[in-house]
Each structure stands twice: as C-alpha cells, then as structure tokens.
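Participant:
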Amino acid sequence: MIRVVIENVLLFLLPTAVYLGYVLLTRRGSTSAGAVVSEAPLVWLFVAGAALVFATLAYYATNTTGGTPQQVYVPPHVKDGKIVPGHFK
Numbered sequence: 006m007i008r009v010v011i012e013n014v015l016l017f018l019l020p021t022a023v024y025l026g027y028v029l030l031t032r033r034g035s036t037s038a039g040a041v042v043s044e045a046p047l048v049w050l051f052v053a054g055a056a057l058v059f060a061t062l063a064y065y066a067t068n069t070t071g072g073t074p075q076q077v078y079v080p081p082h083v084k085d086g087k088i089v090p091g092h093f094k
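For the sequence shown, my numbering assigns the number 6 to the initial residue and increments by one for each residue that follows.
1. For THR73 and ALA66, I'd like the C-alpha separation in whole angstroms.
2. According to DSSP, what are the bridge partners of TYR78?
3. If contact is defined by three or more beta carbon pairs under 8 Å, each pair taking one atom from either stretch, is the region 76-93 in contact with the region 41-53?
4. Going by DSSP, name the residue or residues bridged to VAL83.
5. Quick one: which unbroken alpha helix (DSSP H) runs of 4-plus residues sit fully inside the region 26-63? Chain order, please.
Now the structure itself:
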C-alpha cells in the first residue's frame, strides 16, 4: 500500500521537479531554489500534478485485468520447484 502512495506522491510532484530543474538549468547565475519556488506558477503545477495522477489512475483502472466478484485470487506459489504466477480461479 505504501508503494501506491509513494508512486502517486511522486507523480504529483513530478511537474514541480521538472519546472525547478528547467529553471535552475536555464537561469545561469546566482538563482537560489527559494527564489525560484516563490516565483513558480504553483497553481498550474498543482493542476498538472493532479492531472498526471488522475490520468495514471484512469489508465490503470481501464487497462488492468481483475477478477469478477465470484472469482478467488490465488497468490503465486511454488509447485514442483517452479513458481506458479498468481491468477484468478
């Protein structure tokens, strides 16, 4: 569960990290990270991060396979020395 939370937080912060990296690389000189953050378009970065998280969640919700309510998930297990992948039964 913590992996899902970390992935979503990183996806949310990705536009801000890209923006900060771009600004710090293009503004040669004595530009501090604090000055860059205070001038940043924070609302647009928030919207871009939220859109990225929403798009990722929508993609996985529509393109991943899952079982029906009547099926039971069988986790991966070792059988005859080989790993049998998890599946729905």
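We put the CB at the ideal spot given by N, CA and C, even for glycine.
Facilitator: The relevant details are as follows:
1. On the sequence shown, position 68 is the one that residue 73 refers to. On the sequence shown, position 61 is the one that residue 66 refers to. Cα to Cα, THR73 sits roughly 14 Å from ALA66.
2. On the sequence shown, residue 78 is found 73 positions in, with the first residue counted as 1. Looking at the DSSP assignment, TYR78 forms a beta bridge with PHE93.
3. no
4. Numbered from 1 along the sequence shown, position 78 holds the residue referred to as residue 83. According to DSSP, VAL83 bridges with ILE88.
5. 38-44
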